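Have a look at the structure below, then the notes.
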Amino acid sequence: MAARMNSDEIHAASQVHLAILDEFIRVVEGKMDTSMAPFLRDSLSDLLSNLADQRETYTALTEDTTLAA
1 MAARMNSDEI HAASQVHLAI LDEFIRVVEG KMDTSMAPFL RDSLSDLLSN LADQRETYTA
61 LTEDTTLAA
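Encoded structure:
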């Protein structure tokens, strides 16, 4: 039972993290659309890449915990 609860908690936490990342990704994309400064666009592009990597990790974790349940 404890393993099941932990799996459920991990799944729920991963879903929250994904939702937050999706919101933040939209904010960064919006700022990129309005920025003309090359350095800022490069910086935001790097940030967006890192956020996408994090999103992949949480997506995989969500899928793994779903399969384990």
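Residues in the sequence shown are numbered from 1 upward in steps of one, following our numbering. Where a beta carbon is used, it is the ideal one built from N, C-alpha and C, also for glycine. In this text, all values refer to a predicted model and were calculated from it rather than measured experimentally.
Backbone CA spacing between residue i and residue j [nearest angstrom]
i, j, result
"Ile25", "Ala52", "8 Å"
"Leu40", "Lys31", "9 Å"
"Asp8", "Ala37", "44 Å"
"Gln54", "Ser35", "24 Å"
"Leu47", "Ala12", "25 Å"
"Ile33", "Glu63", "The question names Ile, but residue 33 is Asp in the sequence shown. When rounded, the distance between both Cα atoms is 32 Å."
Buried versus exposed, by CB contacts within 10 Å (16 or more), residue i
i, result
"Ser14", "buried"
Proximal residues to residue i (C-beta, below 6 Å), its chain only, five neighbours per side dropped
i, result
"Asn6", "none"
"Ser49", "none"
Own chain residues within Cβ distance below 7 Å of residue i, not counting five before or after
i, result
"Thr59", "Leu18"
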